[in-house]
Every structure is written in structure tokens, then in C-alpha cells.
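Take 1 as the starting number for the sequence shown in full-length UniProt numbering and just add one per residue.
Heads up, the beta-carbon is just placed ideally off N, CA and C, and yes, glycines get one too.
Heads up, the thing below is written out as C-alpha cells.
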Amino acid sequence: MVFEFYQAIAPLHQYLSDAFTYAPTELILVLLLAILIDLVFGEPPSAVHPVVWIGKLIGFLKSKAPKTHRKAYGIAMALTVIAFAVLLGICVVLIAHWKYMPYAAGLLIQAFFLKATFAVKCMVQPAKEIQDKLDNDIETVRKELITYVSRDTSKLSKSQIVSAVVESISENYVDAMLTPVFFYVVLGPFGLPAAYLFKAASTLDSMVGYKNEKYIQLGWFSAKFDDFLNWIPARLSPIFIAVGAGISNFMSGNLEKLKPIDGLKCAFRENKATPSPNSGWPMAAAAGALQIRFEKPDTYIIGGEYREPEAADISRVSILIILTSVITAAAGCLAIAVLWYAASWI
1 MVFEFYQAIA PLHQYLSDAF TYAPTELILV LLLAILIDLV FGEPPSAVHP VVWIGKLIGF
61 LKSKAPKTHR KAYGIAMALT VIAFAVLLGI CVVLIAHWKY MPYAAGLLIQ AFFLKATFAV
121 KCMVQPAKEI QDKLDNDIET VRKELITYVS RDTSKLSKSQ IVSAVVESIS ENYVDAMLTP
181 VFFYVVLGPF GLPAAYLFKA ASTLDSMVGY KNEKYIQLGW FSAKFDDFLN WIPARLSPIF
241 IAVGAGISNF MSGNLEKLKP IDGLKCAFRE NKATPSPNSG WPMAAAAGAL QIRFEKPDTY
301 IIGGEYREPE AADISRVSIL IILTSVITAA AGCLAIAVLW YAASWI
């Protein structure tokens, strides 16, 4: 009976084994295609966006949250959402490696789903729209900024609005690019499910991980788990931002040149200025590189010795983060090759 069972599942075992032991070339091609899709096309329609599916599941489970035992329910909710996201990633890998699937189609499917875990173009597009309106319609900007940053925007000055936008772009670089690529690279053939594990945690944190009375219990696990997953990437971010700053100096035209070394110094000096254990690292690195002062009223100041930000700094940080994201993808490809080579010697 046991022998017959193993004979029956042997083809499935072989299929699973083949699907999750493919060559590093494929991992690299998928990552390169994913960043290309992001930079050229941006976000896919909501109906086919995997992160939107994850968000809808969170919204449904959040609507069913009880009034008591909210911490326990929040943990169960988070684990359910994470399991769904990981299963989605596994299914994508299996479909891409179906024996009847053309190789190129399999690459595109994986690239599309990997791209959904990061959003470089989406980070900078709203910022450009705010920059264009800043000189002529500051009241509209204050209202629109509410959806972009987590602070009271009704009385922000022009420089504080710019600071909020630049802070958001630099902070989101970790969450929206570096961390999903980090997990994709480190987990190898299981990288896509790992990237979806992180994206589920990140989406949970953005939807329920608020430190207020309504969500302090429900979102406790989600916030802590997101902090845990971002811990290493956040501390790597100043290095990538410094490299991006150095390269952007050759591509920024008449814009003020950046200071990569000052970015590193500021990151190690002022990373603890923010309430979050992770966001201070990329924000301080950007503040030092851009030589501008970040301020969230009544909460923190980063780079207090630098000048106040101006509208042109939105363009500067956008160039910096786009280049840094491309460098991140390139470094990820190199790391895949190095890790695979090292594994072959173990």
C-alpha cells in the first residue's frame, strides 16, 4: 500500500522538485524583466493586481474582527493572509514551470507577479504631481497629501510639504523595493513566495498596523512582523542610497549635486530619530545625501544642520531613488550568481 502510494505521487514529487530547483539564469531574467515592467508600465489594473487581492482579503478579515480578543484575532488574520500570499507565490512558480508552458511565457508570468511586490514608478509619480501644483495651489496639495503621508497636512508650510514628500519616497524605497528584492534573492528558487510573504506583511502593516486605539491590538503582530522583516534591508539601504547618489551626480543635469558620504554619516548618526526602528535609516541617508532638513512637526528632525527643502528637491530625490532601485536590482542579480556559485562548492 505504501509503495503504491509513493508510486502514485512520484510524478507530482518530480514536478515540485523541478519547479523549485531551476537555474540562477532564470531567477536573474525574472528580476530584470520585473524591474523593466515596473519602470515602463508602472502598476497593473486593480483587477489583476495581486497586492490588491491581498488587500481585499485583509479588508474582509478586518471587517469581521471581534470587539474582544483582538490581538489573538489579529495574529490569526495576519497568518491567514501571509499563508494566502505564500500559496499564491508557490502557484505562480508551479504554473510557470508546467511542462506545456513555453519558457518565455513562464518568465513573463513570474516577472509580472514579482513586479507586483515592488513599485518604483508608483513611488515617484504622485510626488511629481505634487511638485507641479506646489507653487500655484498649495491648499489642494495639502488636501491631496493626506493620502500620501501619515501626518496632519492642514497647516504644513511649503518646505514641510516638500519634506513630507521626500521623506516618504526615501522611506518607501526599503518597503517598496529593497526588501522584496532582498527576500527574492536570499531564498533563491523560493524567492517569489518569500517576496509575497513580505508583501503580505507589508500590506497588513499599512492597513491595520497603526498605533492607535482602534488598531493597537488588531495590528500588533502585523506591525511587529513587518519591522522584523525590514530590519536587515533598512540597515543596508544607506549603502545603496550612497551608491545611487554617486551615480546620480552624473545624470542630474543642473540639479544640485548629492553628497553620498554625508548620506552614510547622517544615516549612522541619526537613524534613531524616528519612532520606527527602520525608517530612520533610509530617511537619514537621503537627508545627508540631499543636504536637506527633514521635519515631521512635533515628532522628529533629521539633518537639522542642513537647509530647508525646496520644490526642486522632489525631482532630486526621485532621480536618486529610481537609480538606487535599478542598482538594487543589478546587485540582486549579482548576488544570485554569487550565492549559486558558492552553493555549488558546499
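(request) Pick out whichever of 227, 292, 208 and 71 has its Cα sitting closest to the Cα of residue 179. (result) 227
(request) State buried or exposed for residue 393, treating a residue as buried only when at least 16 other CB atoms are found within 10 Å of its CB. (result) No answer is possible for residue 393: the residues shown for the chain start at 1 and end at 346.
(message) I'd like the span of the beta strand (DSSP E) that includes residue 294, first residue to last.
(response) 294-296
(request) Using a threshold of 8 Å, state whether the C-beta atoms of residue 54 and residue 224 are closer than that. (result) no
(message) Measuring only the C-alpha atoms, how far is residue 67 from residue 135?
(response) 46 Å
(request) Measure the CB-CB distance between residue 309 and residue 174 and report whether it falls below 8 Å. (result) no
(message) Let me check one thing: in DSSP terms, what residues is residue 300 bridge-paired to?
(response) 296
(message) Measuring CB atoms only, is the region 282-290 touching the region 231-247, in the sense that at least three cross pairs come out at less than 8 Å?
(response) yes
(message) I'd like to check one pair, residue 263 with residue 232: are the Cβ atoms closer than 8 Å?
(response) no
(request) Please state if the CB of residue 101 and the CB of residue 321 are separated by a distance shorter than 8 Å. (result) no
(request) Note down, one range per segment and in chain order, each alpha helix (DSSP H) of at least 4 residues found wholly within the region 172-223. (result) 179-186 and 191-208
(message) Tell me the rounded alpha-carbon separation between residue 120 and residue 133.
(response) 22 Å
(message) In the DSSP output, what is residue 307 paired with across the bridge?
(response) 292
(message) For residue 299 and residue 314, what's the separation of their Cα atoms in angstroms?
(response) 22 Å
(message) Let me confirm a value: residue 251 is counted as buried when at least 16 other C-beta atoms fall within 10 Å, else exposed. Which label applies?
(response) exposed
(request) Given a cut-off of 8 Å, decide if residue 83 and residue 196 are closer than it, judged by their beta-carbon atoms. (result) no
(request) Just the C-alpha distance for residue 64 and residue 118, rounded to the nearest angstrom, thanks. (result) 29 Å
(request) State the start and end residues of the unbroken alpha helix (DSSP H) segment that holds residue 52. (result) 50-63
(request) Give me the Cα-Cα distance between residue 265 and residue 159, rounded to the nearest whole angstrom. (result) 23 Å
(request) Would you mind reading off the limits of the alpha helix (DSSP H) that contains residue 103? (result) 103-115
(message) Between which residues of its own chain and residue 156 is the CB-CB distance below 8 Å, once the five residues before and five after are set aside?
(response) 142, 145, 164 and 297
(request) Taking all protein chains shown into account, decide if residue 137 is buried (16 or more other Cβ within 10 angstroms of its Cβ) or exposed. (result) exposed
(request) Assuming residue 184 and residue 229 form a contact by the criterion Cβ under 8 Å, report the distance between their Cβ atoms to the nearest whole angstrom. (result) In fact, because the Cβ distance is near 13 Å, the residues do not count as touching under 8 Å.
(request) Return the residue from the list 34, 318, 204 and 331 that minimises the CA-CA distance to residue 131. (result) 318
(message) What does the Cβ neighbour count give for residue 69, buried or exposed, with the cut at 16 atoms within 10 Å?
(response) exposed
(request) Look at the alpha carbon of residue 94 and the alpha carbon of residue 279, and state the distance between them as a whole number of angstroms. (result) 35 Å
(message) Using a 10 Å radius around the Cβ and a threshold of 16 neighbouring Cβ atoms, would you call residue 215 buried or exposed?
(response) buried
(message) Let's test the definition: count the other Cβ atoms within 10 Å of the Cβ of residue 172 and tell me whether it reaches 16, buried, or not, exposed.
(response) buried
(message) Considering only the alpha carbon of each residue, which of 339, 23 and 311 lies closest to residue 127?
(response) 311
(request) Report all residues from its chain with a CB closer than 7 Å to the CB of residue 192; omit the five preceding and five following residues, and keep chain order. (result) 89, 92, 93, 110, 113, 114 and 184
(message) Quick check on this structure: which residue in 81, 33 and 75 has the alpha carbon closest to the alpha carbon of residue 50?
(response) 81
(message) Taking 6 Å as the limit between beta carbons, can you name the residues of its chain near residue 222, skipping five residues before and five after?
(response) 78, 204, 205, 208 and 209
(request) Tell me the start and end of each unbroken alpha helix (DSSP H) in the region 138-174 that is at least 4 residues and wholly inside, in chain order. (result) 138-144 and 158-173
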